[in-house]
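Oh and the sequence shown: position 257 is 256 in numbering that gives the first Met the number 0, straight run, nothing missing.
We put the CB at the ideal spot given by N, CA and C, even for glycine.
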Amino acid sequence: MSRNSRESLRCAPVSETAEKQSYDFRTIEAKWLPFWVQDGTFVVDPADERPQKYVCDMFPYPSGDLHMGHAEAFAIGDVAARYARLRGYNVLHPIGWDSFGLPAENAAIKNNAHPAEWTYTNIETQAASFKRYGISADWSTRLHTSDPEYYRWTQWLFLKFYEQGLAYRKDSPVNWCPSCQTVLANEQVVGEGVCDRCGTPVTKKALNQWYFKITDYADRLLDDMDQLKGAWPERVLAMQRNWIGRSEGAHVDFPVEGGHTVTVFTTRPDTIFGATFFVVAADADLAAQLVTEEQRAALEEYREQLKSVSEIERQSADRKKTGVFLGVHATNPATGAKMPVYATDYVLADYGTGAVMGVPGQDQRDWEFAKAFDLPIVRTVQPPAEFEGEAFTGEGPAINSANSEISLDGLEVEEAKARIIDWLESKGAGRATTNYRLRDWLLSRQRFWGAPIPVIHCPDCGEVPVPEDQLPVQLPTEAKGEDLRPKGKSPLAGLNDWVTVDCPACGATATRDTDTMDTFVDSSWYYLRYVDPKNTQAPFDVEKVNARLPVDQYVGGVEHAILHLLYSRFFTKVLYDMGLVNFTEPFKALMNQGQVLNGGKAMSKSLGNGVDLAEQMDEYGVDAVRLTMVFASPPADDVDWADVSPAASQKFLGRAWRLAQDVTSAPGTDPAAGAAGLRAITHRTIADAQSLLDDQKYNVVIARIMELVNAARKEIDSGAGAGDPAVREAAEVTAQILSLVAPYTAEDMWQMLGHDPSVANSAWPAYEESLLVEDTVTAVVQVKGKLRDKLEVPADISAEDLEAQALALPKIQRYIEEDGGVRKVIVRAPKLVNVVTG
0 MSRNSRESLR
10 CAPVSETAEK
20 QSYDFRTIEA
30 KWLPFWVQDG
40 TFVVDPADER
50 PQKYVCDMFP
60 YPSGDLHMGH
70 AEAFAIGDVA
80 ARYARLRGYN
90 VLHPIGWDSF
100 GLPAENAAIK
110 NNAHPAEWTY
120 TNIETQAASF
130 KRYGISADWS
140 TRLHTSDPEY
150 YRWTQWLFLK
160 FYEQGLAYRK
170 DSPVNWCPSC
180 QTVLANEQVV
190 GEGVCDRCGT
200 PVTKKALNQW
210 YFKITDYADR
220 LLDDMDQLKG
230 AWPERVLAMQ
240 RNWIGRSEGA
250 HVDFPVEGGH
260 TVTVFTTRPD
270 TIFGATFFVV
280 AADADLAAQL
290 VTEEQRAALE
300 EYREQLKSVS
310 EIERQSADRK
320 KTGVFLGVHA
330 TNPATGAKMP
340 VYATDYVLAD
350 YGTGAVMGVP
360 GQDQRDWEFA
370 KAFDLPIVRT
380 VQPPAEFEGE
390 AFTGEGPAIN
400 SANSEISLDG
410 LEVEEAKARI
420 IDWLESKGAG
430 RATTNYRLRD
440 WLLSRQRFWG
450 APIPVIHCPD
460 CGEVPVPEDQ
470 LPVQLPTEAK
480 GEDLRPKGKS
490 PLAGLNDWVT
500 VDCPACGATA
510 TRDTDTMDTF
520 VDSSWYYLRY
530 VDPKNTQAPF
540 DVEKVNARLP
550 VDQYVGGVEH
560 AILHLLYSRF
570 FTKVLYDMGL
580 VNFTEPFKAL
590 MNQGQVLNGG
600 KAMSKSLGNG
610 VDLAEQMDEY
620 GVDAVRLTMV
630 FASPPADDVD
640 WADVSPAASQ
650 KFLGRAWRLA
660 QDVTSAPGTD
670 PAAGAAGLRA
680 ITHRTIADAQ
690 SLLDDQKYNV
700 VIARIMELVN
710 AARKEIDSGA
720 GAGDPAVREA
730 AEVTAQILSL
740 VAPYTAEDMW
750 QMLGHDPSVA
760 NSAWPAYEES
770 LLVEDTVTAV
780 VQVKGKLRDK
790 LEVPADISAE
800 DLEAQALALP
810 KIQRYIEEDG
820 GVRKVIVRAP
830 KLVNVVTG
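Laid out in structure tokens, this is it:
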């Protein structure tokens, strides 16, 4: 911004004789938005040596314009960023877009266009709305994951994982969405086994797919959560613990007819004496290996039936137990008994070894299977006397657990587990082990609009990584419409000119890998790129990243508790092991925002209860919408738009703005000579706001500011006048704290008060301890719990004096007399007296 432009935005305070203006949010927005953009108010200065703070919002997907959910999330994140700036930090608050994904591809198919057209048009729409919304973002950090300059480094990171043995391919049954025509990770199958994108029931399909070996980091992903306790919501940590699902137990070897030995994992090896049958996952290779020729047709028929059943359905406790006998028996190593072997759907192929010993006395699913197939049930833990009719899953002394060499009878669970594991190890039939529910991250997608996997398949050399100097492997720019329609494989597979390439190793004709990466790969490292977004030599400068990260405050929805956050933590640990970062957790603190509802229901077009953010801003102003969002509830709670009033917020903002307009004392006037009562309220507001902001109780901060504005207005109207230095002090503090949620109004107030813009670059106001001491307080006097009168009393009044003054009040004496005298007096000095009568 030019010097003259800046000078034009400086002014002296409004004088008592100046013509008063009315609050017009449209004029104010039109005035200050260009200033912030041209001035670069929120651009990080590399020479700024103040302590650093990194506030990062989970970046948006560009599906149309911003909606009410964005309005809440980014208002909350902006409070954190602006507060840190006022507290004297050099704040990085970046912005970008998670711009690969299915919606863009589907829109391109529908409109016979390239996905980039839809994507970048929507990005520009959202960018304009973000700027209008007054977000204090550093726009020089802007990135889009669909830019070749970005996904070049996504591909580079993939190759680094590949070099470390953390990216690999394997054949496996995978989740397949028939509508989206692509593979889904387990985390993307939701509800009753449907695709999280389109709601179509998910089926199973055998494919060769790429995986990241996240299971190698299972222990660290669990144990490092100790770093996050108290700084992340406990429910998010619990969700991740449950998803990783570490279980201590044993691997037990079972001989199976036909010369096979099958290993199972069990958390309760002490119950092995109750194992009466053996089950394997029907879709596992193991089932096909064990089945006899006589039973093979039955197995194939059963497997075909399961292709339309999702893993979630298979794991449902209410699902009827089904299976098929494989024609062979296993031998229980503890009892020597022969156990029939079945293929079933309630065992999953990629959990443990895909095989389970059936212990119906101690496992409800096994109980139901045994009942369905008329199999023996042997209890190995003593249930309570009154217990009957189902599996007993509790703890108790072991029973029926003995052979000629060992007995567990009478032992409690932990001791019984330790003894049987020792015995199994001595026999070479088992060993202690740890298992995880977590499975490797399936990252292949059979879609166009994603980062191509940078591998070439050569008939002679096999898998050949694309050389780094040939990155990025760019998506074809000419593909559009029907070229993108999935046909059971990636659309890229049909683009022969793109697919066919010379092998980098031997020069023979080869083919590119035609799968693209899951978009969660893109979002697993973007917070690192923000620090160095224009780097053309590396994904980021190591020194810059280590100086700025971990992220101090991360803000986003709890719906990302598992997928995005777990994957980001995994990426960070891999990069730490590679020496590219010096920290093991990416986000020091996490704040989740709630949903924005309407009438108790999530907003949706189908329900007809959507609220258009742009229309709300047009009608009430940006600041009123932001203020309403923040004031409605604590950040993590839901906001019901039907229960709030942006009109009331607008009215309050006008009242605050007029307060600054009314001030007539000069900037820098010593407030010490001002009204003592108002000064006390101002300084308590500063102290309270500081504490509340640190505790993320943003909504209560707004309440404190409203009280301060009312107190200042009362002081003016009482006759002290707008020239009172205490009124100026209150107005300045109002502008500074209000700037966190209502930046346009606050900026205009700051200018009217005679200060140079921007209020965002002022300092958090200091409070005087001496003004926090309350000389008097209002004591409430109740009779039988009902408010009957009040008293203004010294803050240090004794309980005896407070009781005496309360009982002397005429109103209280009358109630005492009418109710039959005093029975008891409860005193909580200095604020409460409750008289119990009768």
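Look at N434 here: in three-state DSSP terms it is strand. As the crow flies, the alpha-carbon of L142 is around 23 angstroms from that of A588. Shortest Cα-Cα distance from L220 to any of F34, S567, Q781 involves S567. In this structure, the straight-line span from the alpha carbon of Y22 to that of G653 is close to 5 angstroms. Our two residues, P724 and A730, have alpha carbons roughly 10 angstroms apart in a direct line.
DSSP, reduced to helix, strand and coil, places Q592 within a strand of the structure shown. Looking from the CA of I452, the closest CA among W155, A759, S761, I419 belongs to W155.
Ranking V779, P793, L606 by CA distance to the CA of L806 puts V779 first.
DSSP places K159 outside any beta strand (DSSP E); the residue lies instead in the alpha helix (DSSP H), whose first and last residues are 147 to 162. When the Cα atoms are used, D421 and D408 turn out to be separated by approximately 16 angstroms. Under the three-state reduction of DSSP output, E816 falls in the helix class. Residue burial annotation: I271 is buried, with at least 16 other C-beta atoms found within 10 angstroms of its C-beta.
Between F160 and F99, the beta carbon gap of about 18 angstroms keeps them out of contact (Cβ cut-off 8 angstroms). Under the 8 angstroms Cβ criterion, the region 732 to 742 counts as touching the region 616 to 634, having at least three qualifying pairs. Beyond the five residues adjoining it in sequence on each side, A613 comes within less than 6 angstroms, by CB distance, of no other residue in the same chain. Minimum Cα-Cα distance from S797 among the listed residues T202, V776, Q226, Y814 corresponds to V776.
Under the three-pair Cβ rule at 8 angstroms, the region 291 to 300 does not count as touching the region 214 to 230.
A contact between stretches requires three or more CB pairs, one per stretch, nearer than 8 angstroms, and the region 438 to 446 fails this requirement with the region 497 to 506. Taking 4 residues as the minimum length, the alpha helix (DSSP H) runs contained wholly in the region 279 to 316 are 284 to 289, 292 to 305, 310 to 313, in order along the chain. Distances from the CA of T513 to each of T120, F41, T181 were compared; the closest alpha carbon is that of T181. If the five residues before and after V708 are omitted, its C-beta is found closer than 7 angstroms to the C-beta atoms of R654, A655, L658, T733, all from its own chain and listed in chain order.
With distances taken between CA atoms, A560 lies nearest to A237 out of A79, D56, A237.
Judged by pairs of C-beta atoms under 8 angstroms, the region 360 to 367 touches the region 383 to 391, as three or more such pairs exist. The beta-carbon separation of V261 and A126, rounded to 57 angstroms, does not stay under the 8 angstroms limit for a contact. Per DSSP, H328 is one residue of the beta strand (DSSP E) stretching across 322 to 330. Residue nearest to M577 within the set G76, R25, E116, F157 is F157 (criterion: CA-CA distance).
Here DSSP, grouped into helix, strand and coil, assigns Y88 to coil. In the structure shown, R625 adopts helical secondary structure according to DSSP, grouped into three states. Burial of D551 is indicated by the presence of at least 16 other C-beta atoms within 10 angstroms of its C-beta. Straight-line spacing of the CA atoms in Y150 and T518 works out to 11 angstroms.
Taking a C-beta distance under 8 angstroms as the contact criterion, H92 and V36 do not qualify as a contact pair.
Leaving aside the five residues that flank F570 on each side, the residues in its chain whose CB is nearer than 6 angstroms to its CB run, in chain order, S523, W524.
According to DSSP, residue pairing for V182 in a beta bridge involves W175. Note on the region 71 to 129: whole beta strand (DSSP E) runs with a minimum of 3 residues are 89 to 91, in chain order. If you keep only unbroken beta strand (DSSP E) runs of at least 3 residues inside the region 719 to 799, you get 775 to 782, 785 to 793. The shortest CA-to-CA distance from P382 to any of D137, P396, F372 is the one to P396.
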